[in-house]
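Notes for the one structure printed next.
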Amino acid sequence: MIHACSVLVIAGSVRPKRICLDVAAWVAAAARDVLSNQVEVIDLKDWALPMDGEPGLPHRGDYRLEATRAWSRKVGAAQGMVFVTPQYNWGYPAPLKNALDHLYTEWAGKPAVIVAYGGHGGDRCARQLREVLTGLHMRPMRTTLRLPLRRDLIEADLASIDAAVEFAPQERRLRRALGQLGRCLPGPG
Ligand SMILES: Cc1cc2nc3c(=O)[nH]c(=O)nc-3n(C[C@H](O)[C@H](O)[C@H](O)COP(=O)(O)O)c2cc1C
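Each residue of the sequence shown is one higher than the last, beginning at 359 in the working numbering.
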């Protein structure tokens, strides 16, 4: 059986209490609607990648840790990515950078959508991530999502939000970005 190529929706936050998985689930639902590809949400908490734990340079691909090898297989088999990330102190979370830095060639040439969120939409984090993805020779899509998180929601520090309601005004833009991604993915067969 031939499977449509897969798109990974990578959730950037691993905090014990986080809204990232809700945002990622909303993004993944839209992706399943817009794209004819398999869509999988990646929770970096499940990947146990030690901080910069590989002894060798990632671009050589000579991985010693089974966790890195598994991560390499997962990313290598995917054809497109959506990064869903909060803004932390104007940047994106360290576990996301660590997950990116564990690999190199596996990312290259692949199209990616950036979905950032934060008090002012996470624009600074989105810009930093775009630069790093470009350094990894990925192809960030023209349309980036900057989802504004209400101040009272930030202060409430919730473990869950209704992302579809909170970010309803951004849904069209999300679908536009996913459409751009879809046009960069290999066709069926
Ligand atoms: C370490 C840390 C730094 C943060 N820095 C920012 C920031 O620079 N700008 C912003 O708008 N919100 C900032 N926030 C608030 C986050 O936008 C908010 O907590 C959001 O829920 C984090 O996403 P998460 O729950 O998925 O981890 C920060 C939160 C944390 C935990």
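Every residue gets a Cβ at the ideal spot worked out from N, C-alpha and C, and that includes glycine.
A quick note: this is a predicted structure, and the numbers were derived from the prediction, not measured.
Environment of residue i [buried if 16+ CB atoms lie within 10 Å]
| i | result |
| --- | --- |
| Leu415 | exposed |
| Ala521 | buried |
| Ala470 | buried |
| Ile472 | buried |
For residue i, the nearest candidate out of the options (CA to CA)
| i | options | result |
| --- | --- | --- |
| Ala452 | Asp520, Val385, Val367 and Leu407 | Leu407 |
| Cys363 | Arg482, Arg422, Ala369 and Arg390 | Arg390 |
| Ala466 | Pro444, Ala435 and Val381 | Ala435 |
| Asn456 | Trp405, His495 and His478 | Trp405 |
Cβ-Cβ separation, residue j to residue i (assumed contact under 8 Å), whole Å
| i | j | result |
| --- | --- | --- |
| Gly537 | Val392 | 6 Å |
| Phe441 | Ile512 | Between Ile512 and Phe441 the Cβ distance is about 20 Å, and since that is not below 8 Å, they are no contact. |
| Trp429 | Leu458 | Contact flag wrong, Cβ pair sits at about 10 Å. |
CB of residue i within 7 Å of CB of residue j, strictly
| i | j | result |
| --- | --- | --- |
| Gly449 | Gln486 | yes |
| Val549 | Glu412 | Outside the displayed span of the chain (359 to 547) sits residue 549, for which this structure offers no information. |
| Ala517 | Thr502 | no |
| Gln543 | Gln528 | Note that residue 543 is Leu in the sequence shown here, rather than Gln. It is not a contact, given that the beta carbons lie outside the stated cut-off. |
Residue i: CB within 6 Å of a non-hydrogen atom of ligand 1
| i | result |
| --- | --- |
| Pro444 | yes |
| Arg376 | yes |
| Arg541 | no |
| Ile472 | no |
| Ser371 | yes |
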